[in-house]
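Asks: At position 220 of the sequence shown (counting the first as 1) the number is 220 in the working numbering, and the numbers step up by one without a gap.
Even glycine gets a Cβ: it sits at the ideal position worked out from N, Cα and C.
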Amino acid sequence: MDRLTAVADQVLKSFSDETNTRKSLEGRRALTPFLLEELRKLPSFSGRANECVLTSEEEVEKHSYDHSHHLPARPEVVVYPESTETVSEVMKFCYTNKIPVTPCGARTGLEGGCIPIAGGVALNLSRMNRVLQVFHDELQVHVQAGIRKNAFNDLLSKEKLLFQVDPASNPSLGGMAATGSSGTLCCKYGTMKENVVSLVVVMPDGAIVDTRRRTRKSSTGYDLTNLMMGQEGTLAVVCELIVKVIPVPKGECSALLVFRDLDPCSRLVVLMRQQQLNLSRCELLGKQTVETLLKFEERKREKEKKRATGRQKKEGAKKQHFSLPSPAKPTLLIQVHAASPQAAEAEINQAVNLARQEGVEEVKVATEPHLQEALWDLRRAAYFACLSNRQHMIERKAKDVRMLNTDVCVPLPAFPELIGATERDFAEVAQKGGPFFVCNIFGHAADGNFHCIVLFDHGNSEEVRSLEALERRMWARCLAAGGTVSGEHGVGLGKVGALTAEHGEAKLRVMRQLKGAVDERGIMNPGKVLPSLKTSGDK
């Protein structure tokens, strides 16, 4: 047994089971008919309660789940505020009456963070979607939390600006702040935490707090902005943000690099960082993910051929696709942002020379914008390709197909070892007669952050138990290597059981003290992020 596996075996024993915590919260009902009517009468909803305070079956059901595989839970009412002041009024009401509140927006989360397991109010900020002010000289923009990333960038494009945090989904900016989200541009521009200047949040008792002035530096008082980043609605409701933006890059160049296995691929990432290459993106597609994408792209082209008219077929024949290696092999996609196209291409050529030193088997460089778009379309398609790759589920007659989409982050030297060990774990389960899972791995190679996507049959208890054990084994190996159980998805419901193992009791005690001081009535997104005292072993 190797050292990492031995340490991981010990880490596994420290994970907690939070099943009973969820059970203890579910089924509670805080909103009596009288309180629901009082909520409707709040001045902010005067004459508009039927539009903003909803209890229809459609709305309640829609807010019982997110994009994760976790079981749904229904809120008692869905509230749509349109201003920070309305959020404040709703929170004062909920605080006074001890009503649980689950903030949400686009509901694209992958760890169950906005599933309202304690019932109460689902507070949906999606109508708070305005750009409030653009500070051109400072490259900062003041927005409401409900605006979604793609819509925000569409508006910025008119000013030749770009918001540089780009998760593959299309979340709200408030949700991105609440989870500390990132994306493919994180190796150059950082995560949401590095790109938020200040927040306006509403506290559990309704107080409105502006966390920081928008100056470039401040060394006064506690850093409330970073405290509110990644808190997943357990401390306050994020209502407004001032975020950093950048001018649209003048020079871009991209490349696709194919390797025989993960080790030289990982060594190249380290080399490129050591050489201080100006990488904006550095994305890994694992072998299985490449295979899944090849099938997906083939199906897509076949559908396009069938639907196309004669003219469209001619245009389609001219359209250039970036082909992935066949047979599938680990593939690295990289991009450089620079002051000019020439400077970007020069840096990509440096990266290619380093790749040749590491035995790269295939190189494709894209300088033209449409070719770069085609290359990065492959990376954007990874999630949807994994979701649509269902033949193996059909063959075993799966009745309730769901998708586990989890992420971990490790120090760069451990990156290939962790991926290889995870792939072997999944293969060994099938070899020993257990369920066969297609394990797709891809992610942000320059940050040591990878995603693991697996389809499974939620109606098959053996599959569920086996997949839970495999996921926990991956967490354990990650922690044994000095990593974290989430680089960008957050904790939500899904990873609460790993928090004690990652942070230790002393740190969790500080977190609980903060939670207790800020949310003394325990109404903010109950059951998320922090493990219960009983299961984590606190005294």
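What are the start and end residues of each continuous alpha helix (DSSP H) run of 4 or more residues lying completely inside the region 22 to 101, in chain order?
Replies: The qualifying runs are 33 to 40, 49 to 52, 57 to 62 and 84 to 97.
Asks: List the whole-angstrom C-beta distance separating Tyr-65 from Ile-115, where the pair is believed to meet the contact cut-off of C-beta under 8 angstroms.
Replies: Residue mapping note: residue 65 aligns to position 65 of the sequence shown, counting from 1. Residue mapping note: residue 115 aligns to position 115 of the sequence shown, counting from 1. Going by Cβ atoms, the distance from Tyr-65 to Ile-115 rounds to 6 angstroms, so yes, they are a contact pair.
Asks: Under 6 angstroms Cβ to Cβ from Cys-265, same chain only, skipping five residues before and after it: list those, please.
Replies: Residue 265 sits at position 265 when you count from the first residue of the sequence shown. Here the set comprises Phe-259, Pro-330 and Leu-332.
Asks: Looking at the structure shown, is Asn-449 part of a helix, part of a strand, or coil, going by DSSP?
Replies: Numbered from its first residue, the sequence shown carries residue 449 at position 449. Note: Asn-449 maps to strand in three-state DSSP.
Asks: State the Cα-Cα distance for the pair Gly-527 and Gly-146, rounded to the nearest angstrom.
Replies: For the purposes of this step, residue 527 is taken as residue 527 along the sequence shown, with counting starting at 1. For the purposes of this step, residue 146 is taken as residue 146 along the sequence shown, with counting starting at 1. Distance between the alpha carbons of Gly-527 and Gly-146 is about 23 angstroms.
Asks: Just to confirm before moving on: does the CB-CB distance between Met-228 and Leu-199 stay below 7 angstroms?
Replies: By one-based count along the sequence shown, residue 228 stands at place 228. By one-based count along the sequence shown, residue 199 stands at place 199. Result yes, Cβ atoms of Met-228 and Leu-199 sit closer than 7 angstroms.
Asks: Kindly confirm or deny that the region 379 to 395 and the region 445 to 464 touch, where touching means at least three C-beta pairs closer than 8 angstroms.
Replies: Touching, yes.
Asks: For Ala-168, name the three-state secondary structure that DSSP assigns.
Replies: Reading the sequence shown from its first residue, position 168 is the one you call residue 168. Note: Ala-168 maps to coil in three-state DSSP.
Asks: Spatial neighbours of Val-245 within its chain, please: C-beta separation below 8 angstroms, excluding the five flanking residues on both sides.
Replies: Numbered from its first residue, the sequence shown carries residue 245 at position 245. Taken in chain order, the residues that qualify are Leu-139, Gln-140, Val-141, Leu-156, Leu-161, Leu-162, Phe-163 and Gln-164.
Asks: Give the list of continuous alpha helix (DSSP H) stretches no shorter than 4 residues that lie fully inside the region 231 to 307.
Replies: You should have 262 to 274 and 287 to 307.
Asks: Does the Cβ of Val-408 have 16 or more other Cβ atoms within 10 Å, making it buried, or fewer, making it exposed?
Replies: Reading the sequence shown from its first residue, position 408 is the one you call residue 408. Under this definition Val-408 is a buried residue.
Asks: Can you tell me which of the three DSSP states Val-201 falls into?
Replies: Translated into positions along the sequence shown, residue 201 becomes position 201. DSSP places Val-201 in strand when its eight states are reduced to three.
Asks: Can you tell me the Cα-Cα spacing of Cys-52 and Phe-45, whole angstroms?
Replies: Sequence index remark: in the sequence shown, residue 52 carries index 52 (1-based). Sequence index remark: in the sequence shown, residue 45 carries index 45 (1-based). Answer to the nearest angstrom: the Cα atoms are 7 angstroms apart.
Asks: Counting only the same chain and skipping the five closest in sequence on each side, list residues whose C-beta sits under 8 angstroms from that of Val-418.
Replies: On the sequence shown, residue 418 is found 418 positions in, with the first residue counted as 1. Reading the sequence as shown, one finds Leu at residue 418 and not Val. Once the five neighbours on either side are set aside, the close Cβ partners of Leu-418 are Val-408, Val-410, Phe-450, Met-474, Arg-477, Cys-478, Ala-481 and Gly-483.
Asks: Does DSSP put Asn-525 in a helix, in a strand, or in coil?
Replies: To locate residue 525, count along the sequence shown from 1; it is residue 525. Three-state result, Asn-525: coil.
Asks: Which residue wins for smallest C-alpha separation from Gln-544, given the options Gly-359, Val-243, Pro-325 and Gln-274?
Replies: Any answer about residue 544 is impossible in this case: the structure gives the chain only from 1 up to 539.
Asks: What is the rounded straight-line gap between the Cα of Val-77 and the Cα of Thr-102?
Replies: As a working note, residue 77 is residue 77 in the sequence shown. As a working note, residue 102 is residue 102 in the sequence shown. Going by the C-alpha atoms only, they are around 11 angstroms apart.
Asks: For Leu-241, which option in Gly-233, Ser-254, Leu-256 and Thr-225 has the closest C-alpha, if you only look at C-alpha atoms?
Replies: Start at 1 with the first residue of the sequence shown, and residue 241 comes out as number 241. Of Gly-233, Ser-254, Leu-256 and Thr-225, the residue nearest in Cα terms is Thr-225.
Asks: Taking the alpha-carbon of Thr-215 as reference, which of Val-243, Val-202 and Lys-515 has the nearest alpha-carbon?
Replies: Taking the first residue of the sequence shown as position 1, residue 215 is located at position 215. Checked all of Val-243, Val-202 and Lys-515; the closest Cα to Thr-215 is Val-243.
Asks: How should Gln-335 be labelled, buried or exposed, when 16 other C-beta atoms within 10 angstroms of its C-beta is the threshold for buried?
Replies: Counted from its first residue, the sequence shown places residue 335 at position 335. Gln-335 is buried by the Cβ-count criterion.
Asks: For Met-228, report the span of its alpha helix (DSSP H) as first-last.
Replies: On the sequence shown, position 228 is the one that residue 228 refers to. Start and end: 224 to 228.
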